[in-house]
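K.L.:
Residue numbers (my numbering): 1 to 157.
1. Starting from residue 85, follow its DSSP beta bridges and name the residues at the other end.
2. Taking residue 37 and residue 132 to be in contact with their CB atoms under 8 angstroms, please state how far apart those CB atoms are, rounded to whole angstroms.
3. Is DSSP giving residue 31 helix, strand or coil here?
4. Kindly list the residues whose CB is nearer than 7 angstroms to the CB of residue 45, restricted to its own chain and excluding five residues on each side of it in sequence; keep chain order.
5. Would you grab the beta carbon distance between residue 99 and residue 20 for me? Rounded to a whole angstrom, and I think it's under 8 angstroms.
6. Assuming residue 134 and residue 57 are in contact, meaning their beta carbons sit under 8 angstroms apart, how far apart are those beta carbons, in whole angstroms?
7. Any contact of the region 138–149 with the region 71–86, i.e. 3+ C-beta pairs under 8 angstroms?
8. Using only the alpha-carbon positions, how far apart do residue 130 and residue 63 sit?
9. So, using beta-carbon positions, are residue 112 and residue 149 closer together than 7 angstroms?
10. Relative to the C-alpha of residue 123, which candidate in 102, 96, 157 has its C-alpha closest?
11. Taking all protein chains shown into account, decide if residue 154 is buried (16 or more other Cβ within 10 angstroms of its Cβ) or exposed.
12. At what residues does the beta strand (DSSP E) containing residue 59 begin and finish?
13. As a quick exercise: from 1, 2, 7, pick the residue whose alpha carbon is nearest that of residue 136.
14. Between 2, 118, 94, which has its C-alpha nearest residue 73's C-alpha?
15. Could you check the C-alpha separation between residue 27 and residue 146 for me, to the nearest Å?
16. Where do the ends of the alpha helix (DSSP H) carrying residue 115 lie?
17. When you compare only the Cα positions, how much space is there between residue 65 and residue 97?
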């Protein structure tokens, strides 16, 4: 099974991008992995929030296939300890799906259509973080999950 991270908009902070690329390359040693970046909406500043959600949602839904297990990274999702997340990833690899698709939405969250398509909603924290930083935090946790699955000495508990 492959894993993908779908995100809205490019990572523009070069420091975050550098470290994110490092973790993405580490993850690829354990599984097929890709980062899918959808373009940000044009003229979003002049658009009502709900319209932004709906338009972003349509582009997200186009990127999702029927064989995807979709996990939204969402503030309203379930918080997991790192070891629990690792166990979940390990179990997901046993599902008859082609891809685990993690999705980070735009600045206003997800449309109802995207929420309805999700198989699971997960929160990285009760705190709010910039989207670019969430990408990095998630990639590190995914890498950490694989090291736990493989019994490698990265995670300490």
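Every residue, glycine too, gets a C-beta built ideally from N, C-alpha and C.
P.N.:
Put simply:
1. On the chain shown, position 85 is the one that residue 85 refers to. None; residue 85 has no bridge partner.
2. Counting from 1 along the chain shown, the entry for residue 37 is found at position 37. Counting from 1 along the chain shown, the entry for residue 132 is found at position 132. Actually they do not touch by this definition, with Cβ atoms about 12 angstroms apart.
3. In the chain shown, the residue the question calls residue 31 occupies position 31. It is coil, neither helix nor strand.
4. Here residue 45 refers to the residue found at position 45 when the chain shown is read from its first residue. Hits under 7 angstroms: none found.
5. Taking the chain shown and counting its residues from 1, one reaches residue 99 at position 99. Taking the chain shown and counting its residues from 1, one reaches residue 20 at position 20. With 8 angstroms as the limit, residue 99 and residue 20 do not qualify as a contact, their Cβ atoms being about 20 angstroms apart.
6. Translated into positions along the chain shown, residue 134 becomes position 134. Translated into positions along the chain shown, residue 57 becomes position 57. Between residue 57 and residue 134 the Cβ distance is about 18 angstroms, and since that is not below 8 angstroms, they are no contact.
7. A contact between stretches requires three or more CB pairs, one per stretch, nearer than 8 angstroms, and the region 138–149 meets this requirement with the region 71–86.
8. Mapped onto the chain shown, residue 130 falls at position 130. Mapped onto the chain shown, residue 63 falls at position 63. The alpha-carbon atoms of residue 130 and residue 63 are separated by roughly 23 angstroms.
9. What you label residue 112 is simply residue 112 of the chain shown in a count that begins at 1. What you label residue 149 is simply residue 149 of the chain shown in a count that begins at 1. Their beta carbons are not under 7 angstroms apart, which means residue 112 does not touch residue 149 by this criterion.
10. As a first step, residue 123 is located in the chain shown; it is residue number 123 there, counting from the start. When each option's Cα is compared against that of residue 123, the closest is 102.
11. Taking the first residue of the chain shown as 1, we reach residue 154 at position 154. Of the residues assessed, residue 154 falls on the exposed side of the cut-off, its CB having fewer than 16 other CB atoms within 10 angstroms.
12. To locate residue 59, count along the chain shown from 1; it is residue 59. In the DSSP assignment, residue 59 falls outside any beta strand (DSSP E) and lies within the alpha helix (DSSP H) extending over 49–63.
13. For the purposes of this step, residue 136 is taken as residue 136 along the chain shown, with counting starting at 1. Scanning 1, 2, 7 for the CA closest to the CA of residue 136 turns up 7.
14. Counting from one through the chain shown, the residue named residue 73 turns up at place 73. Residue 73 has its Cα closest to that of 118, out of 2, 118, 94.
15. The residue you call residue 27 lines up with position 27 of the chain shown. The residue you call residue 146 lines up with position 146 of the chain shown. Cα to Cα, residue 27 sits roughly 8 angstroms from residue 146.
16. As a working note, residue 115 is residue 115 in the chain shown. 112–117 is the extent of the alpha helix (DSSP H) around residue 115.
17. Position 65 of the chain shown, counting from 1, holds the residue named residue 65. Position 97 of the chain shown, counting from 1, holds the residue named residue 97. Using only the alpha carbons, I get a separation of about 10 angstroms.
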